[in-house]
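Step one of this worksheet: look at the structure below.
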Amino acid sequence: MSVRNLDSLFAPRSVAVIGVSQRQGSLGAIVLRNLLQGGFRGPVWPVNRRAAEVHGLQVFPDLDALPGVPDLAVLCTPAATVPELVEALGRKGTRGVIVLSAGLKQTGPQGRTLEQDMLDAARPHLLRVLGPNCIGALVPGIGLNASFAPGTRAPMQLGPSTRSRWGRAASSMSCS
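Each residue of the sequence shown is one higher than the last, beginning at 198 in the numbering used here.
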């Protein structure tokens, strides 16, 4: 595996959260809150067809309405929407996608087909995919908490030994 486009996953300059919601406790609401509270300094663009504002941010109805190309997109949408969204993001020029959505290969033949369709959509665009059905990505050094895990409210400064331990812990985790 090459390292091409890994910066889009772990050092993005902008993030789109697709499937945000005003409903407290929803996956999209939690991810957006974590991004805002984590201290990420780049633009964060929420996307949802039915909401106008969430957490004081303008919500964009679709990918075409975004003011720019996100380096990273976080998908908090139903599994059936994932391949089409990955294709659209690739065409737009996005280079990294975190798929938090469940319901892909772990659910059986239909889910396996959806996951293969997602990978097939990503490949021609060299789009890096983390997931599906994963917790997301946390990069404390840049304030990125693009996950549904409880996180810090401000970027943490990690020393070398902490980074090493975190690296071992992260390498032992896997997304299904």
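Glycine included, each C-beta is placed from N, C-alpha and C at the ideal position.
Predicted model, so just to flag it, every value in this text is computed and none were measured.
C-alpha distance - residue i paired with residue j, whole-angstrom precision
i       : j       : result
Pro-347 : Leu-297 : 15 Å
Ile-332 : Leu-233 : 17 Å
Ser-260 : Pro-306 : Per the sequence shown, residue 260 should be read as Leu rather than Ser. Distance between the alpha carbons of Leu-260 and Pro-306 is about 29 Å.
Lys-302 : Phe-345 : 21 Å
Ala-262 : Leu-272 : 17 Å
Gly-265 : Gly-308 : 31 Å
Leu-323 : Arg-288 : 10 Å
Arg-246 : Leu-254 : 14 Å
Leu-311 : Thr-304 : 10 Å
Asn-202 : Asn-342 : 19 Å
Pro-267 : Gly-222 : 25 Å
Ser-205 : Ser-211 : 9 Å
Gly-250 : Pro-258 : Note that residue 250 is Glu in the sequence shown here, rather than Gly. For Glu-250 and Pro-258, the distance between alpha carbons rounds to 10 Å.
Residue i, buried or exposed, once every other Cβ within 10 Å from all chains shown has been counted against 16
i       : result
His-325 : Going by the sequence as given, residue 325 is Arg instead of His. Looking at its Cβ environment, which holds 16 or more other Cβ atoms inside 10 Å, Arg-325 is buried.
Leu-224 : buried
Ala-226 : buried
Pro-337 : buried
Pro-209 : buried
Thr-274 : buried
Gly-235 : buried
Gly-340 : buried
Leu-327 : buried
Residue of the options minimising C-alpha distance to residue i
i       : options                            : result
Gln-219 : Arg-230, Val-212, Ser-211, Ala-213 : Arg-230
Phe-200 : Arg-292, Ile-215, Thr-274, Ser-211 : Residue identity check: residue 200 is Val in the sequence provided, not Phe. Of Arg-292, Ile-215, Thr-274, Ser-211, the residue nearest in Cα terms is Arg-292.
Leu-215 : Leu-335, Gln-303, Thr-278, Phe-237 : The sequence given here places Ile at residue 215; Leu does not occur at that position. Here the closest residue by C-alpha is Thr-278.
Ala-213 : Ala-318, Asn-202, Val-256, Gly-235 : Val-256
Ala-334 : Leu-269, Gln-221, Ala-248          : Leu-269
Leu-316 : Leu-254, Arg-210, Val-283          : Val-283
Pro-159 : Gly-287, Val-217, Pro-280          : Here the chain has residues from 198 to 373 only, and residue 159 is not among them.
Ala-276 : Ala-248, Gln-313, Gly-290          : Gln-313
Ile-321 : Ser-211, Val-217, Val-251, Leu-286 : Per the sequence presented here, residue 321 reads as Pro, with Ile not at that position. The shortest C-alpha separation from Pro-321 is found at Leu-286.
Pro-207 : Phe-237, Thr-310, Gly-222          : A quick correction: the sequence has Phe, not Pro, at residue 207. Taking only the C-alpha atoms, the option nearest Phe-207 is Phe-237.
Val-228 : His-252, Leu-203, Pro-258          : His-252
Ala-319 : Ala-249, Glu-250, Gly-290, Gly-222 : Gly-290
Ala-248 : Val-217, Asp-204, Asn-202          : Val-217
Strand pairing of residue i, partner residues [DSSP]
i       : result
Ser-344 : Gly-333
Pro-243 : Val-214
Arg-325 : Gly-293
Val-271 : Val-214, Ile-295
Gln-255 : Glu-250
8 Å Cβ cutoff, residue i in contact with chain B
i       : result
Arg-230 : In the structure shown, chain B does not exist; there is a single protein chain.
- Task: Please determine if the stretch 233-253 and the stretch 286-301 are in contact, where contact requires at least 3 C-beta pairs separated by less than 8 Å.
- Result: no
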